[in-house]
Structures are given as structure tokens and as C-alpha cells.
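Have a look at the structure below, then the notes.
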Amino acid sequence: MEEINHKLEETIADRTRELTEANTQLLKVQKENLQSQFDVLKQQVNPHFLFNSLNVLTSLIRIEPELAEKFTEHLSKVYRYVLENKDNELVKLSTELDFLDAYLFLLNIRFMDKIRVNINISDQRKEAMVIPLAMQLLIENAIKHNSMSKKSPLVIDIFVDEQCYLNIINNLQEREAHMTSTGVGLKNIQNRYLLLDQYIA
Amino acid sequence: MKVLIIEDEQLAARRLEKMIKEFDPDIEVIARLESVSESIEWFKKSPEPDLIFLDIHLEDNVSFAIFNVISIQSPIVFTTATDELSTRIFALRNIDYLLKPIIQKDLNRMLIKYKDFPEEEKLQINAETFKDFINRNK
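Residue numbers (this note's numbering), protein chains in the order written: chain R, 1 to 201; chain G, 1001 to 1138.
Rendered as C-alpha cells:
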């Protein structure tokens, strides 16, 4: 009789331990998820982009008013995309590339010949799913940490390689005056893909 | 009056030039420079302007780097979109600066000051005085 009781107690203890571990794991994943969502939100309402855009717009209004109007249209397109996709974990690459076009329009007006972005992706590959707004963040990083001039522009190549990886590559032209970086943006992208990996697994 | 604009965003430079002309079409913008290296080359072979509008962040470096190589006698009005540290230093040391986007009223005030005020009132920045206040405010 005692043996049976003892065995029962052991089993209960084991089960309890297992449940506690599983629960802790679940809480960890939930916390990461929330943290990531929060980081994404922070990035999306990052005031720097809007501030810089408004500065460009102020100049355009005075010296090229028609272009100012086009600029505003594309700026709206960018924010519409953010509003519509901020809660999506994944979007079609073609949709993301559409958004990128609008974003690059704005960049080209601000930087003109100082930046060149080459996008080389086949239609077939455009059906793939990606996390939204990651490419834009990487481009922002490249701009933040590299010097850009007409004589030596920042060149960014975007393509899908043979291993089916989406590549965003820029030529390195480190700034003399280094910008501080928290690394939060990159970490955020990594986390989001890691979490997705877990869901799929 | 001859004015020099050092600003790496072409749109902003063109806007500033237009606004200067709005205030007084007789003011001459003698050049628009975009980088530290371009500025250094320019200063080596050109006569000094009466006034310089100098953006803090240029495409190849902070504009202060110019002072390491060239001693500038002309008065300088700094411009910046946002740079809390620098603007705080400027305010402390009574150095003129304008926040971008530049407002016509503020620009006019600067142009009036540097056009009409006597020599002694104008701020003279050269490598020595600038290094001095940078070091004191580290």
C-alpha cells in the first residue's frame, strides 16, 4: 500500500515539475513576443523619419512645389502601409516591394545621386512571405552608418540568392564621425524571425 | 555682402539661398559647398566671405573638422536640424545658430546683425577659439 502511495506521490511531483517548466517556457515566449511587438511599434513611430521627411518637404514647397505634392503622396503611401501592416507577422514580398518603391521615392528626393538602390528579384520569388518593414529598417541603418556623396554613393543591392535568402547588401563607407547605435533594430528583426521559426516548428 | 553656404542637402541649400535673396536680393551667395573636403579646398584658394552658414553634419564628417585645417576669420552662423549637444553649447557661448527648417524671420535677424553691426560685435571663430570651447565643454 505504502509503495503505491509513494509511486503516486512521485508521479504527481514529476507532473507538477513538467507543468511548471512548460508554463515557464510559455511565459518566456509570450514575453519575447510582447517585447518584439513593442519594439516594432517603437520603430514604426520612429519620429526621425517623419522629421527628416518634413524638412525635405519644407524645402520642396518653396523651391519645387509640384514635386512637394508628389512627395506628400508618397509619404502618405508609406504611412498607410505601416498602418495596414503593423499587426501582420508576414506579408507578401511583392507588397513589401511596392511599399519600398514609395519609400525609395522619398529617399531619392532627399539624397538624389548620393544613394542607389538596385532591386533584382524575379516575379516568382515575389510570392514569398517576409516580415513587414524589415528591409526599410536595414536601409535606414545603412544610411545612418555610411557616408554618402555624389562622388561615392551608397549602393544597396537587394536580391534573392541561390539559397533562397533575401539579401540586402551595401558598400561599406564608414562615417568619420560614428553614429551611436543601440542595435535594437537588428535585434528586433532577428527576434521576429526566431519567433516565427518557433511557430512553424 | 558676400555669403557662403555649406550644407550637404542640396534642397536645403537652395531654399536657404532663395530665402536670403528674399530678404535682400543684393546679397550675393558666392558658393554652395557640400562637404568638409570640398570646403577645405575652397578656403585654400578663395577670399573669405562676409558671412558663412555652416551646417553641422556634412556628408563626409562633422563640419567642425574644417577648423582643424583652416583658420576661418569670417563670422559663422551654424545650422542644424537637430543636435542637442551642439545647440546647448552654442546657446551657452552666445554663438549664433539656426534650426532647420529655417524660418525667414530668424534668418532676417541674422542677416541684419551681420550686415549692419560693427566689426567688434561679430563673432570670430578660428581653429583656436573653437577648439577652446569644444574642450571646455567636453
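The C-beta atom is built at its ideal place from N, Cα and C for all residues, glycine as well. Predicted model only: the values in this text are computed from it and were never measured.
Review point. If we count the other Cβ atoms within 10 Å of its Cβ and call it buried at 16 or more, is methionine 1 of chain R buried or exposed?
Key: For the purposes of this step, residue 1 of chain R is identified with residue 1 of the first sequence, where counting begins at 1. Label assigned to methionine 1 of chain R: exposed.
**Study point:** Close beta carbons around leucine 1054 of chain G, own chain, < 6 angstroms, minus the five adjacent residues each side
**Key:** Position 54 of the second sequence, counting from 1, holds the residue named residue 1054 of chain G. So the qualifying residues of the chain are Ile1006, Ser1063, Ile1076 and Phe1078.
Exercise for review: For serine 1039 of chain G, decide whether its Cβ has a neighbour in chain R, counting only Cβ atoms nearer than 8 angstroms.
Suggested key: Counted from its first residue, the second sequence places residue 1039 of chain G at position 39. Taking Cβ atoms only, chain R never reaches closer than 8 angstroms to serine 1039 of chain G, which makes this a no.
**Study point:** Expected contact under 8 angstroms - CB spacing of aspartate 1050 of chain G and lysine 1002 of chain G to nearest Å
**Key:** Taking the second sequence and counting its residues from 1, the one referred to as residue 1050 of chain G is at position 50. Taking the second sequence and counting its residues from 1, the one referred to as residue 1002 of chain G is at position 2. Yes, aspartate 1050 of chain G and lysine 1002 of chain G are in contact; Cβ-Cβ is about 5 angstroms, under 8 angstroms.
Exercise for review: Pick helix, strand or coil for tyrosine 193 of chain R, following the three-state DSSP scheme.
Suggested key: Stepping through the first sequence from its first residue, residue 193 of chain R is reached at position 193. Helix.
Exercise for review: Please list the partners that serine 149 of chain R has in chain G, where partner means a Cβ-to-Cβ separation under 7 angstroms.
Suggested key: Here residue 149 of chain R refers to the residue found at position 149 of the first sequence. Here the neighbours are Ser1035, Glu1059 and Asp1060.
Check your understanding: Per DSSP, what kind of secondary structure is alanine 68 of chain R in: helix, strand or coil?
Key -> Here residue 68 of chain R is taken as the residue at index 68 of the first sequence, counted from 1. The three-state secondary structure of alanine 68 of chain R, taken from DSSP, is helix.
**Study point:** chain R contact for arginine 1014 of chain G (CB, 8 angstroms cutoff)
**Key:** Within the second sequence, numbered from 1, the residue matching residue 1014 of chain G stands at position 14. Closer than 8 angstroms to some Cβ of chain R, the Cβ of arginine 1014 of chain G qualifies, so yes.
Point to revise | Listed by chain order, chain G residues near arginine 62 of chain R by CB distance under 7 angstroms | key: In the first sequence, the residue the question calls residue 62 of chain R occupies position 62. At a beta-carbon threshold of 7 angstroms, the residues of chain G lying near arginine 62 of chain R are Arg1015 and Lys1018, ordered along the chain.
Exercise for review: May I ask you to report which of helix, strand or coil DSSP gives asparagine 118 of chain R?
Suggested key: Here residue 118 of chain R refers to the residue found at position 118 of the first sequence. Here asparagine 118 of chain R sits in strand by DSSP.
Review point. How would you write the range of the beta strand (DSSP E) that threonine 1031 of chain G sits in, first residue to last?
Key: As a working note, residue 1031 of chain G is residue 31 in the second sequence. Going by the sequence as given, residue 1031 of chain G is alanine instead of threonine. Residues 1028 to 1033.
Practice item. Give the residues of chain R in contact with proline 1047 of chain G, contact being defined as C-beta atoms less than 8 angstroms apart. Key: Position 47 of the second sequence, counted from the first residue, corresponds to residue 1047 of chain G. Residues of chain R passing the Cβ test: none, with the nearest at roughly 26 angstroms.
Check your understanding: Could you give the C-beta distance for leucine 1004 of chain G and alanine 1031 of chain G, rounded to a whole number, given that I count them as a contact under 8 angstroms?
Key -> Your numbering for residue 1004 of chain G matches position 4 in the second sequence. Your numbering for residue 1031 of chain G matches position 31 in the second sequence. Taking a contact as a CB-CB distance under 8 angstroms, the pair leucine 1004 of chain G and alanine 1031 of chain G counts as one, their CB atoms being some 6 angstroms apart.
Check your understanding: Can you list, in chain order, the residues of its chain whose CB lies under 8 angstroms from that of isoleucine 109 of chain R, leaving out five sequence neighbours each side?
Key -> Counting from 1 along the first sequence, the entry for residue 109 of chain R is found at position 109. The answer, listed in chain order, is Val56, Leu60, Leu67 and Phe71.
Exercise for review: Could you check what DSSP says for leucine 186 of chain R in three-state terms: helix, strand or coil?
Suggested key: Residue 186 of chain R sits at position 186 when you count from the first residue of the first sequence. Of the three classes helix, strand and coil, the one that applies to leucine 186 of chain R here is helix, per DSSP.
Review point. Roughly how many angstroms separate the alpha carbons of isoleucine 1070 of chain G and serine 181 of chain R, rounded to a whole number?
Key: In the second sequence, counting from the first residue as 1, residue 1070 of chain G sits at position 70. In the first sequence, counting from the first residue as 1, residue 181 of chain R sits at position 181. Cα to Cα, isoleucine 1070 of chain G sits roughly 31 angstroms from serine 181 of chain R.
Exercise for review: Find the residues of chain A that neighbour asparagine 55 of chain R, judging by a C-beta separation of less than 9 angstroms, and give them in chain order.
Suggested key: Of the protein chains in this structure, namely R and G, none is chain A.
Exercise for review: List the residues that DSSP assigns as beta-bridge partners of lysine 92 of chain R.
Suggested key: As a working mapping, residue 92 of chain R is identified with position 92 in the first sequence. Answer is R:Met129.
Check your understanding: Taking DSSP as the reference, what is the three-state secondary structure of lysine 1122 of chain G?
Key -> By 1-based counting over the second sequence, the position of residue 1122 of chain G is 122. Any reading at lysine 1122 of chain G needs caution, since the residue's pLDDT is 49, under 50, leaving its predicted position unreliable; the model's value is listed next. Lysine 1122 of chain G: coil per DSSP, three-state reduction.
Review point. Could you give the distance in angstroms between the alpha-carbon of lysine 1018 of chain G and the alpha-carbon of proline 1025 of chain G?
Key: Position 18 of the second sequence, counted from the first residue, corresponds to residue 1018 of chain G. Position 25 of the second sequence, counted from the first residue, corresponds to residue 1025 of chain G. Each residue's alpha carbon lies about 9 angstroms from the other.
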